[in-house]
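Chains as they are written, first to last, in the working numbering: chain D, 81 to 245; chain W, 81 to 245; chain R, -4 to 406; chain L, -4 to 406. Each residue gets a CB set at the ideal place from its N, CA and C atoms; glycine is no exception. I have placed the structure first, in the form of C-alpha cells, so that the comments after it can refer back to it.
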Ligand SMILES: Cc1ncc(COP(=O)(O)O)c(C=O)c1O
Ligand SMILES: Cc1ncc(COP(=O)(O)O)c(C=O)c1O
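Right under this line is the structure:
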C-alpha cells in the first residue's frame, strides 16, 4: 500500500500553499480555457498568451481544486511559461506519459496497450514529484486536469494562428 | 410437492380431448371477445349470444391453448350456456374465488388481502376439478383466461343493452 | 416501542466491517453514496442462485415457479415497506435514476407540452435534474426551482407563485448533501391544489425513515436498493396506479407486452408494463432481504439512532474544531438526516478524504452529484460523512481523530 | 486447439445442479432463457460485497478505488471477450433489452425522421421489435422485415430491395427459437453498402460462439449477462465510438454528466455518458468472472460441445419419436445453436413442460418472446430445450425419457 508521503511530497505542498502564476489575463487577446473534473467538481481556468512567433509569453491559472490539481497547475505554469508552443506540447506529452502508466491500468486489465511514449530530451524537473500520484488512480485526473486544459488552449491558439509557412 | 394427478384430473383430460361448444358464431349479432395469455401465447376467442331478456343463449369457443385453458373454457361453456347474465357473473366470481386463493399469493406475501368472496348457492360442479390448478401458480392464468374473456364479453353485452328499467 | 439499536451486534452482521484498511479497522462513513450489505442479504442472493434461479414469468417448471414467486414476493415486501396500497404500483428499475427518467420520459412526454412548467428545487441530486433538463431541451418545457433558504432549508415564501400553473413538482425527500428533510407533504398539498403531479426522490429517505407514500402525499416515489442495505442493480419506482395505467410504455421488449405483431404491440398490465426484458431477479430477492432486515431493526429505531448519532457528530466536530470546521445544513439533528457535509479549514475535500482514508475513515469528497447546490453554497466541493445502522460514536471519534492528523499534515 | 469440455467436472462448478427436484436430479435445459451460474461467479460477487463495496467513480478512499478498479476491469474483460477495440465503447446496461432501447431512443431519435425505414427480421425477439414499434408510433418510421425462408433460415433473395434506403438494420445473431445463425456479416455488408447502421442482438450468440464485433460487421452489439453464466441485472451495449460520441444521452442523472447547471448540462465522455446513476457494480464484477470462466473453457470448445450435443439431441429425438415430434429450425447442427424448439404430438407445450418438470427436466414452453415468429411458424407456442456447457448426453436422454412419460399421461 502506498503511503501518503508518496502523494504529498514537500514540493507539492509548497506549490499548493504558494501557487505560481495565479490570476487572470484579459481575454481576448489571451485564450481562456476551462477544464472540469466531472468526478470531483474541480474547475480550472487557464489563460494563455501566445505570441505571433508561437511562444507562450504569459499564462495564468484560476479556479479551484485540491492540492494535487492546484500544485500540478502551478508547476505546469512555471514549466511552460516562456516556452514555445512545440516545447509546451512535448512537455504535455511527457507529463501525460508519466501519468498514463496508471491511467491505462484503469481502462485495461493491467497491460497498458499504448506503451508510454518517452519524450527524449524533455526534463520534467520538479514535475517528477507528481509521479507518486500514479499510485492513487483516482487522483490522476486531478493531476492531469490543468494539462488537458492547457492542451485545449494550445489547440485553440493553433487554429486561430495563420497557418505556418 | 403437489403431483401431476392434482392437475390433470380425468375430467379435465376429457374436456381437453373432447371440447364442448367449440366453434364460432356469426358476429354480429354475437359478441366476439379475444383473450391473451401474454406469458405463454395462449389465445382464446369467446363468441356470445345474449338474448334481449339477458340470457346467454349460445356460446362458442375458439383459439388454442393448453389442456388447462382448453378444458377450463370447455367446462365454462357447458356451465354458462343457457344461464342468465347474472347467473353467469356469479359463476365467474365463484370460479375466480376458487382460483384467487393462490393468485393472491403470487402478488402478496402469503396473506391474501381480499378474502375469497364465497358465492353462496353457486355450485361449481365439474369445475371443481380445476381446483388442483391452484397448486401450480403459473397455470392459474391458463385456467382463468376464458373466464376473464367471458367477463369482458358480458360487460360489452351490458353496455350495448338498453339500460334495465 | 422504539428500541435502541444494538450497534455492536449489527456490526457483526456486516462482513466488510471486519476487513481492515491499512492496518486500521474500516470506519465506513459513506452510506449516503452506497450502504454496506448484511450477511442476510448476501445469503439470500447466493441461496437464490444456488437453488432456484431461472427466468421469471415464463417457465412452468418448479424452479422457475419458485423464482417467480420469490421475485413477486420481493415486490410485495417493498410495497408493504413504503406503505403502497398494492404491489401493482411497484415497478422495479435498475436504480432510482432510471425511475425518475421513466417518469420524465413516459409521463412527461405524454403530459407536457412546450411551455409547460415543472417545479424542482435547488437542492436536487442530478438524478432529479438532468432528466428534466433533457425534457427542456427536447420539448421546451420551463423549469422552476424552489430556492435554498436559511440553514439548509428550502425557502417556501414564494411557493404559491412558483407552483402556480406547473404540471409536475419533483423534489427530494432528503438532501444527500445537507441532510435537509423538506416538508414534502406541505409542498405536495400545494402542488395538488395547483393541479400538479408530485414526484418524490426518496433515495435518501426510504433507507432512514418510516416511509408511507400516502403520508408523503406523493404520486410517484423513487428509491434505490444499494443505499438501503440492498444490492446494486435495482431500484423501485412506485406510482399511483391510475397514473401508471395511463402512461405509455418507457422501454420496449419482452415481459412488458401482451401481444406483438409486426405492425404493432399491446402493452402488458401493471407493473410489468414498465419492466422490459429480464428483470434484476436476484437483486429483487436481495432487496427483499434488506427490507426484512430493516423491518427487523424497526425503522423508528433506525431513525432514532441516526438522530442521536448525528447529534453526537455535530457536537463533537464543533467542540473539537470550532471555527476550523463549517458544517452545512440544518443545525438541529431532529430536522435532518445523518448526512454531515463540511468544509475543514481551507483544505480541499479531496485532500481531507485522502488523508482520512489513511486512517481507515471513508468519507466522500466532491459535489455529490448536486453541482447546482454546490454553486449555491459557494463551494466547489464538500467532504461528507454519512451514517447508517452500523455506525456508532466510536466511528465519529475516529473521524475527529483523523481530522486532527489531516490538520497536522497540511499545517 | 479445441479441447473437449469435461462436462462432469463443469457440472460440479454449478451448485444448483446438485439440487434435486421432486426426487430427481435437475436436468436444466432452459439456458436460452437464463443460464445457471458457476461458483466462481457467485464468489466474485460475494467477495466484492464482503471486502470492497463502495460507489464507483467518486470516492478517493481505498475501498472505493478498488471498487472502481474492479468495475472498470470488468468492462475491459468484456471488451476483450467480444473483440471490441477499446472499453470506451462498452456501455453497461441492465439487460440487452435496455441496450437496444438505448439505440432506438438515442440514435433513433437523433437520426430517424418520419418515413425513414428500419429493416428487421421476422425471427427477432420482442426486445428487437418493440423498441422499433414504439419509434414507429412516435416518429412514423417504416419497418421492413427480412422474411423467414426455408429450414429456419432467413430468405435473403430480396435483400437488395429490402435494404435499399434503410437507415438501420437490426437483427439477431442467433434465433432464440430456431437456433438459426443468420449470415450477419453478409447482411451487415449489404446494409453498410446501402448506408445503413447495423445493430446486432447478440444475446444468444455471445454466450455460445467466439464473438468479434469487427468480424460481425456490426456498429452496435447487445448482450445480456444472465444468459452467459453471469448475474441478472446487467447487460452490455457495445457501439462504435464515433457513433456513440455523436449520440445524445439516453437517461439523465449522476455519472453521465460533466457539468450540471440549473439551466442545462454537459454530458460526460464515453462510456459513462450512457450510464446514468449508480451502475450494477457487483453485477459487473460477476460478469467479469463469467467471462473469465468462459475464456477458461475456451469459446471454440464451448461451440464444439454444443454442436456435438445438439447433433445428439436431434438424432435421439428423431429416432425415438419419429413423426410424433416436429423440430423447428435448421437440421444441420453446425448451422445452428443449441436451441431445440419442438412440437410433440398434438400436445400443448405447456402440458409437455409441466409433465417434464415432474421428472426434473426443465424446458421452456411458450412463444419465447417471439410472437411474430410463432405466427409465421403457424404455432401458438413451442417447447424448447436449450443446452449449455453443463449439459451432456445424459440430459438429452432424460428429456427423451420424460417425453415418453408425457405421451403415456395424455394417451
Ligand atoms: C435473442 C434475444 N434477444 C433479446 C433477449 C432479451 O434479453 P434480456 O431479457 O436479458 O434483455 C433474449 C432473451 O430473452 C433473446 O433470446
Ligand atoms: C437524493 C438522491 N437521489 C438520487 C440518487 C441516485 O441514486 P442512484 O445512483 O442509485 O440512481 C442519489 C444517490 O446517488 C441521491 O442521494
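Item, Value
"Proximity below 8 Å, CB of residue 21(W) to CB of residue 207(W)", "Shown here, chain W extends from 81 to 245; a query on residue 21(W) therefore has no answer."
"Proximity test, residue 248(R) beta-carbon vs ligand 1 heavy atom, cut-off 7 Å", "yes"
"Residue 263(L) CB to nearest heavy atom of ligand 3 below 7 Å", "Ligands present in the displayed structure are limited to ligand 1 and ligand 2, and ligand 3 is not among them."
"Minimum Cβ-Cβ distance from residue 60(R) to chain D less than 8 Å", "no"
"Proximity test, Cβ basis, 8 Å: residue 186(D) and chain R", "Note that residue 186(D) scores a pLDDT of 41, beneath 50, so its modelled location is shaky and nothing firm can be said."
"Residues near residue 385(R) in its chain [Cβ-Cβ closer than 7 Å; skip 5 each side]", "2, 5, 6, 9, 12, 31"
"Beta-ladder partner(s) of residue 109(D), from DSSP", "According to DSSP, residue 109(D) bridges with nothing at all."
"Closer than 8 Å to chain L by CB, residue 81(W)", "Residue confidence is low: residue 81(W) scores 47 on pLDDT, short of 50, so the model does not pin down where it sits. Its coordinate-derived value is still stated next. Answer yes: the Cβ-Cβ gap between residue 81(W) and chain L drops below 8 Å somewhere."
"Closer than 8 Å to chain W by CB, residue 129(L)", "no"
"Closer than 8 Å at the beta carbon, the chain L residues around residue 219(D)", "55"
"Same chain, Cβ closer than 6 Å to residue 237(D), neighbours up to 5 away in sequence not counted", "111, 130"
"Residue-level contact to chain L via CB, residue 116(D), 8 Å cutoff", "yes"
"Beta-carbon gap between residue 334(L) and residue 27(L) smaller than 8 Å", "yes"
"Whether residue 494(L) touches residue 165(L) by CB criterion (8 Å)", "Within the shown structure, residues of chain L are numbered from -4 to 406, placing residue 494(L) beyond reach of any answer."
"Contact residues within the region 346 to 378 of chain R, judged by C-beta distance below 8 Å to chain D", "346, 349, 350, 353, 360, 361, 362, 366, 369, 375, 376"
"By C-beta, the residues closer than 5 Å to any heavy atom of ligand 1, given in chain order", "272(R), 273(R), 90(L), 91(L), 92(L), 120(L), 122(L), 167(L), 171(L), 196(L), 198(L), 199(L), 219(L)"
"Collapsed DSSP secondary structure at residue 231(L) in the structure displayed", "strand"
"Span separating the alpha-carbon of residue 347(R) from that of residue 183(R)", "39 Å"
"For residue 226(W) and residue 272(W), the rounded distance between their alpha carbons", "Outside the displayed span of chain W (81 to 245) sits residue 272(W), for which this structure offers no information."
"Neighbour-count burial assignment, residue 239(W), 16 or more Cβ in a 10 Å radius", "exposed"
"Neighbour flag for residue 208(D) against chain R, beta carbons, 8 Å", "no"
"C-beta neighbour in chain C for residue 147(D), strict 8 Å", "The chain inventory of the structure shown lacks chain C, comprising the protein chains D, W, R and L."
"Contact residues within the region 321 to 347 of chain L, judged by C-beta distance below 7 Å to chain W", "343, 345, 346"
"Residues that residue 143(L) contacts on chain W, provided the C-beta gap is smaller than 8 Å", "None at all; the shortest Cβ gap to chain W is about 17 Å."
"Chain D within 8 Å of residue 63(L), Cβ atoms only", "yes"
"Own chain partners of residue 150(R) with C-beta closer than 6 Å, once the 5 adjacent residues on each side are dropped", "142, 144"
"Span separating the alpha-carbon of residue 97(W) from that of residue 382(L)", "33 Å"
"Counted within 10 angstroms of its Cβ, other Cβ atoms place residue 181(R) as buried (16 or more) or exposed", "exposed"
"Contact set for residue 147(L): own chain, Cβ-Cβ below 6 Å, skip 5 residues either direction", "173, 175, 324, 325"
"Members of the region 282 to 295 of chain L near chain W, C-beta cut-off 9 Å", "none"
"Residue 218(R) and residue 230(R) closer than 8 Å at C-beta", "yes"
"Interface residues of chain W facing residue 404(L) [CB-CB closer than 8 Å]", "84, 88"
"In DSSP terms, what residue 357(R) is bridged to", "23(R)"
"Beta carbon proximity, residue 383(L) to chain R, threshold 8 Å", "no"
"Any C-beta of chain L under 8 Å from that of residue 226(R)", "yes"
"Reference residue 151(D); option with closest CA among 128(D), 136(D), 91(D), 173(D)", "91(D)"
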